[in-house]
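Residue numbers for the sequence shown, in our numbering: 241 to 561.
Written below as structure tokens is the structure these notes are about.
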Amino acid sequence: MGAKLVIASALCLAAFGQAASAQPMEKVKVATTFVGLWDTTQPTFCKERSEFAKAGLDVEITSTRGGSENVQSVLVGGMDIGYSPGTNSVLAAYRQGGKFKIISSEFIGQNDSYFYVPADSPLKTIDDIKGKTVAFSRPGGASEAILLALKAERNMEFKAISTGALDATFTMAMTKQIDVGFSVPPSGLDAVEKGQIRVLFSGDDVKSQAQLTGRVIIGSNEFVTKRRAVAQKFMEVLDKCIDWAYANIGESSKSYAALNKVTPEIAAKGLAFYKRDALAFGPVRGFDTLVAQAVAAKFIDKPLTADETKDLLDILYTTKK
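Shown next, in the form of structure tokens:
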């Protein structure tokens with residue numbers, strides 16, 4: 241009888257252990273911008289290495305084509321997190337009544353964006369773009385913010401045109417439909433190496449943007465309020481994945497090269513644009529300046545009040561130093 245009790249107890253414990261291990265995964269829906277960028281593809285790399293799954297997260301990733309599209313995917317598309325939309329698109333959507341929170345800074349500065357011309361273009365310096373057509377991705381995105389800041393810094397007039405995807409932009413630049421194209425690494429770097437295009441200027445040339453948060457991470461109100469611990473876990477796991485990527489740059493750069501279908505040499509050139517401290521989760525740097533720039537560029541009609549700022553900013557996680 242005693243032996244039967246021992247066996248029964250053991251079976252109960254085993255069943256309990258199986259039930260505990262079979263706890264359902266927490267679903268997280270994430271919209272990123274421009275799959276293939278080193279920083280915005282980090283959630284994908286993290287998922288591929290099963291780090292989210294190990295932490296009990298079932299992460300679904302959808303790629304969007306720029307700031308406004310990314311924000312809309314959270315507002316009307318059922319996404320929990322919008323990863324890396326530009327600050328102008330976020331402020332514009334909030335002013336229009338969008339219900340979401342900025343939960344973290346995603347990228348500091350604008351050093352990963354560059355603007356180029358065909359090799360035979362007569363444009364030689366940044367000052368030559370006066371009166372010309374210059375491409376950016378989507379309204380409210382980081383690339384547009386660079387051009388708006390450039391106009392203000394240099395008191396320079398040129399026509400900024402939304403051209404969408406990078407491949408479409410390249411075609412428009414090479415066929416002279418626009419004077420200046422834009423890109424982000426590693427896209428286009430092979431064309432630079434082959435001498436097809438020349439880099440005219442980069443985000444680093446717009447000094448007012450260098451220390452500001454260029455892109456953020458947003459979360460739907462429901463996700464942030466009802467599943468806050470899950471949101472924080474997502475951020476923490478991803479931060480550790482980014483640490484791993486930089487600590488194992490040789491291995492992670494292979495994934496970066498394969499995803500973008502470029503050579504390891506081109507991948508290395510692309511990674512040179514991204515310093516680890518630029519991928520900094522935490523408070524939005526220069527928020528008041530960003531709001532003032534959004535007002536000046538007419539993305540919003542007036543600055544946010546103290547109550548609106550408090551409502552919008554809900555920083556869930558800060559990168560560990």
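Note that beta-carbon positions come from the ideal geometry of N, C-alpha and C, so glycine has one too.
Taking every protein chain shown into account, the CB of G371 has fewer than 16 other CB atoms within 10 angstroms, so this residue is exposed.
Annotation: the continuous alpha helix (DSSP H) that includes I386 extends over A382 to R394. When rounded, the separation of the alpha-carbon atoms in G317 and L511 is 31 Å.
The stretch 325-342 makes contact with the stretch 545-557; the number of CB pairs closer than 8 Å reaches 3 or more. The C-beta distance from E393 to V357 rounds to 20 Å, too long to meet the 8 Å contact threshold. The Cβ-Cβ distance between L387 and A405 does not fall below 8 Å. Excluding its 5 nearest sequence neighbours in each direction, A532 has C-beta neighbours in its own chain below 8 Å: P543, listed in chain order. Taking the Cα of D407 as reference, the smallest distance to any Cα among A546, N500, M475 and G337 is reached at N500.
Going by beta carbons, D419 and L363 fall inside the 8 Å limit. According to the DSSP assignment, Y496 belongs to no beta strand (DSSP E) but to the alpha helix (DSSP H) extending over I489 to N500.
Each residue's CA atom was taken as its position, placing G380 and M412 some 21 Å apart.
For F292 against V477, the beta-carbon gap comes to about 6 Å, under 8 Å, which counts as contact. Contact annotation: M319 and V374 have beta-carbon atoms that are not nearer than 8 Å.
For E300, the closest alpha carbon among the candidates T284, G522, V314 and G526 is that of T284.
The shortest CA-to-CA distance from A507 to any of T272, C286 and W278 is the one to W278.
For the pair V314 and S460, the CB atoms are nearer than the 8 Å cut-off. Scanning the stretch 262-298 from its first residue to its last, the whole alpha helix (DSSP H) runs of 4-plus residues come out as 282-288 and 291-294.
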